[in-house]
Amino acid sequence: MNKKLFLTAAAIPVALIVPTVASAAETVTVTGQNIVNETLTVHQLPNNAIVNAYQWYYLEKVASEDGSKTSTNKPIAGATSASLKVPVEAAGKTIFVEATTTDGKKYQSEPRSINQLDLAITTPTLEGFSTSDFVAPGETVKVAGVTVTDKAGAKLTSGQITYSYQWFYQLGEGENSFTIIEGASGSTYTIPKDAIEKGIKDIIVKVKAQVGTSFVESPRSEVISISKEPTDTLSNDIKNLLVNDNKYNVSDIKSFEEKIKALESKYQALSEPAKGNVSNYAVLKRALADVDLINKLNEKVDKVGGISDKDLPAYIKEIEAAYDKFDLLQRSLDVNDALYTSIKNLLNEPNDLEEIKEVRRLNLAIVNLLSYSNGISQYVPSDKDSLQGVVNTIEADIAKLSQNYRGAVQNQTILNEAKADIKKVEQFIKSFDKLSSNNTPNKQVTVAKSIRSTYEKLTYKQLKLVPDKYGQLLTAAESAEESQIATLNNDIDSYIGDDIYPINPSASSWQSHVNNVARMVKEYKSLTKASAAQIEGYDSLVTLQKDLKTAEKVIKDMDAYQKLSGVTGVTESKLNSSYTNTLKAYNKLTSLQQSLVYNAQEFLLNTPKVSVDGKVPADKAAAEALKADIAKFADVTKFTFNQLEKAVDTAAQSYKKLSSGARKYVTNNYLLTAAQKDITGVKSFYKKIQTAKEETDAAKQAKKIESVQKAYAKLPANQQHLAKEQYEALLKNQIIDENAPNIKQLNDELATIVSNDQYLVSIDKINTLSKQYSSLSSSDKKLITNYDILKAAIADVKKAESFMKTYEKSFNSNPSTVIKAFEKLTSKQVSLIPSDIQKWISEKQQGQQQTNEQALTLIESINSLLVNGEYIAGLEDKVKDIRTKYDALSAQDKKIVKNYSKLTQAESDLKKVADVHALYKVDGDEAAQKAWQSAYGKLSKKLELLYKNMYPQDTK
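In short: position in the sequence shown from 1, add 231, done, that's our numbering.
What follows is the structure, given as structure tokens:
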């Protein structure tokens, strides 16, 4: 076996051999030493030889048939270069090289004899065992070192050496008498577990090395003895740590700890296989862990003095729980129960009568935070600060109770709700920080709207905690725009009219009117939506603003004409064109727009003069008469529609009969043309009136009349005059829609459905009002200024109806759910709940808040089961009695018994002790006794004492 990882070949220096010199010109000369692993190299070639190939050979003697020996050449595989590293196989052989030229000639060197190998090997050394004296069963011994060299000087490599091993053990009492260990032929040997039993006590190893065909065998190694002595001693020391399975052999924990730590050090010094011989190491490992647990718990007890009063109960409970986990074996380390006594002295079970008395007082104080009136609860303290003070006092008193008694305080939900309500009220009051009298009315109303939204979400109990001054501030802020609304309505009313604008503008007052209208529009836009809804005539104001712009253009054109008429040299045609165009623009204005043109009368009286040149026509007189008739069309207000239509038709016919020359004398023909357009416009408008008249459906007619009204408002002033008679007749004879909504009545009703955060109407009434609103047209809906009241009411109805569903579903089976839902309703939402239901909820709520004396008494009984961490005598009967009383409690009362787990723990502990007792057999065999002892040993200290108290005969 080749073990070059563990062994090293070494070489020794040798003398240099002088190479053979060729005696003839036809030979090849080679240099180098004739030693294995040395390099032979072609040094000299024959003259004129061009060599392209080499081959090295072994020169061997071969026996012939007649018995004589002849020489033969055997090629050395792979040796085809000018140099050759002498292989191991060449040791003791003769070699030469043959060189071949390009023309096929061959030349040979003189044969060279390679030195035979003369191997030497050192004594093997061993390692892998725990001590210098012994090797333990299970440990593995290995050959750590052996060196092979060539006495003749060859430099051997590890890869050229092959090793084989054989292990032996001493047989009998003979000195240095060893026999082979079958199968032990590797560089390592694992001592069998039963080696000593089989008689294998002293072992050696021999190593053989082979290099090529040469062999060498090492001297035997030193004798290694096999023994269990170290592990046997350690195992015995560990065994002595125990008196029995449930008790350590300890009189002083400190010395015991030093002892087990020393044994642990010895164990860790062993090799892994040797550790395997220590079969009871688990005992030592357990002892180390148990000592550590005892020490840590002792340290924790020593630190009790540095624990705060707040954390002390939980800290002591942790100590008690940790000790309770110790079994009998672990507790045997607590010499003379020193640790147990220290812990016992720390325990103080909560059974103080004063604390129970305090719990009862606090229960009553919490219930007295609320009062009930007309089925609605509210806090007895009248404001949030007073309530906060009472809550803080109660919570501080609860904190003074021991942990178990804190849980016995009932109705803490009331406290939590009170704190939540205080926080809500504080947030509400905080929202007033954004409200300032220095803000604009619009800003005040906007902020007030946000505050009102929060206010609407307060429950009745929360609402009662808000000081009255904040309600007054809110109302004042919401009314901040009222004076502005009244002023703006008066201003708008002074500017708008039905047929004419009442402002009677002039050149000097014109701009002030324009500015006033712009101001009123701006003020309207600055109002909140609710306030803007109270402004009357805003649409007319916007129309006025547009009419001012339209009229101003005509005013400027009239002023331009007047100026032009005063300029000397202006042609008649230019002046006449300016007048005619301006007049046309004026006639297109509505009557309202014309009322704004303050310079119209002066313009109309200043008609341009028109000269007529040329031959005087025969019908000149007729033309002038026609001109006089047409001049009357300048003021159509003196005509009815029928009169004007007839007069215009007559004038048009007369005009057609005039000669072309005579027509020139009718210089005001533009008035006839304008009148004809007015007649056409009115006829078109009459068609709209006729369509509206023919409609028999009141609602549809109302829409068509609305369209007629819009069209009439856009008619020029002359056409409005001519159409007025039929227009007013249409409005007068409009079909009355008996089903048409009464906007004013709906607005008035909405204003009265709520007062002082209470609805004055039923859910059905609110739903009816909602349906009325929904049936309105989109334009009518805009007229409902109290829609916000309706919107809030609809939302409150949904909340109230949702609550009623909860009430009907759960009041009998789960009243707590209904009470919680009722508490979340706002004051207005509560007012929608029937009064008898409010009363039933109030009674149920008060019934659930009564203190339970039975539960408190039961808490005391459960706490009395333990005294300083140890169960009382007669535990079993006491536990049965408490169990019977607890099971008789209601589900709600059971929740009050926060120390119920102590009862179940006592029941569990009684069962554990009974189970261990069931294993006890007075006349039992060893197995039965062992089973009982094992179970008994696992009992905690508390259960051990309980066992001795209940079954004293078992432990005698």
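Just so it is clear, CB atoms sit at the ideal spot from N, CA and C, and this is done for glycine as well.
- Using a Cβ distance threshold of 8 Å, residue 664 and residue 693 do not count as a contacting pair.
- The beta carbon of residue 1116 is closer than 7 Å to those of 1089 in its chain, skipping five residues each way along the sequence.
- Judged by DSSP in its simplified three-state form, residue 306 adopts strand.
- Here residue 358 is bridged, per DSSP, to 373.
- Less than 8 Å divides the Cβ of residue 1180 from the Cβ of residue 1104.
- Residue pairing of residue 475 in beta bridges, as defined by DSSP: 478.
- The straight-line gap separating the alpha-carbon atoms of residue 1055 and residue 985 is approximately 20 Å.
- Remark: C-beta atoms of residue 947 and residue 781 do not approach each other more closely than 8 Å.
- Bounds of the alpha helix (DSSP H) holding residue 855 are 851 to 862.
- Non-local beta-carbon contacts of residue 433 in its own chain, meaning distances under 6 Å to residues more than five positions away in sequence, involve 401, 454, 456 in chain order.
- Residue 403 has its alpha-carbon roughly 60 Å from the corresponding atom of residue 311.
- Under DSSP, residue 260 takes part in a beta bridge, and its partners are 275.
- Using a Cβ distance threshold of 8 Å, residue 1049 and residue 1057 do not count as a contacting pair.
- With a minimum length of 4 residues, the unbroken runs of alpha helix (DSSP H) contained wholly in the segment 699 to 731 fall at 699 to 709, 713 to 724.
- Scanning its chain for C-beta atoms nearer than 6 Å, with the 5 sequence neighbours on each side dropped, one finds around residue 901 the residues 811, in chain order.
- Around the CB of residue 1072, 16 or more other CB atoms lie within 10 Å, so the residue is classed as buried.
- Residue 515 sits close to residue 491, with the two beta carbons spaced by under 8 Å.
- The residue among 573, 542, 507, 503 with its C-alpha nearest the C-alpha of residue 533 is 573.
- Considering only 372, 953, 680, the residue with the shortest C-alpha distance to residue 871 is 953.
- At a cut-off of 4 residues, the continuous stretches assigned as alpha helix (DSSP H) that sit fully inside the segment 630 to 671 are 634 to 637, 643 to 661.
- For the alpha helix (DSSP H) assignment, the uninterrupted runs of no fewer than 4 residues enclosed by the segment 1035 to 1123 are, from N- to C-terminal side, 1046 to 1054, 1058 to 1061, 1066 to 1079, 1084 to 1094, 1106 to 1118.
- Residue range 512 to 533 is occupied by the alpha helix (DSSP H) that includes residue 526.
- Boundaries of the beta strand (DSSP E) harbouring residue 447: 445 to 448, taken from the DSSP string.
- Residue 468 carries a helical assignment under DSSP once its states are collapsed to helix, strand and coil.
- Rounded to the nearest whole angstrom, the C-alpha separation of residue 575 and residue 507 is 43 Å.
- Assigned with DSSP and collapsed to three states, residue 329 falls in strand.
- Rounded to whole angstroms, residue 937 and residue 975 show a C-alpha spacing of 19 Å.
- The way I'd put it, the segment 368 to 386 does touch the segment 343 to 353; three or more beta-carbon pairs between them come closer than 8 Å.
- Just so you know, the alpha carbons of residue 271 and residue 393 end up roughly 25 Å apart.
- Judged by pairs of C-beta atoms under 8 Å, the segment 754 to 764 touches the segment 706 to 720, as three or more such pairs exist.
- Residue 899: not part of any alpha helix (DSSP H); DSSP gives it neither H nor E.
- By a beta-carbon distance limit of 8 Å, residue 1144 does not contact residue 1096. Their separation comes to about 14 Å.
- Contact between residue 839 and residue 890 does not hold, since their C-beta atoms are separated by about 24 Å, which reaches or exceeds 8 Å.
- Residue environment: residue 762 is assigned as buried (16 or more neighbouring CB atoms within 10 Å of its CB, all protein chains considered).
- Its Cα nearest to that of residue 789, the residue 831 stands out among 768, 749, 831.
- Burial state of residue 562 is buried, judged by a 10 Å Cβ sphere holding 16 or more other Cβ atoms.
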